[in-house]
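Numbering (full-length UniProt numbering), first residue to last: 1 to 60. Since the structure comes first, as structure tokens, the remarks are kept for the end.
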């Protein structure tokens, strides 16, 4: 199976930008604790996805 390094690198960069955006929302009033938790879960999901994508690049 071939891995498109450019596509994976693009996904990693986009996910990192999204994490930065979500982290900046930590200082905003998110309305209630549910919104805060959803924001934190999304950050953790993206961090895990980045780790998986980076591992995929490293395995080649």
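Built from N, CA and C at the ideal position, the CB exists for glycine as well. Small disclaimer: the values here were computed from a predicted structure and weren't measured.
In terms of Cβ geometry, residue 53 and residue 3 do not form a close pair [threshold 7 Å]. Looking from the CA of residue 44, the closest CA among 6, 10, 20 belongs to 20.
Of the candidates 6, 18, 10, 18 places its Cα closest to the Cα of residue 46.
In this structure residue 34 is exposed. Its beta-carbon is surrounded by fewer than 16 other beta-carbon atoms within 10 angstroms. Put simply, the backbone Cα of residue 38 is about 21 Å away from that of residue 13.
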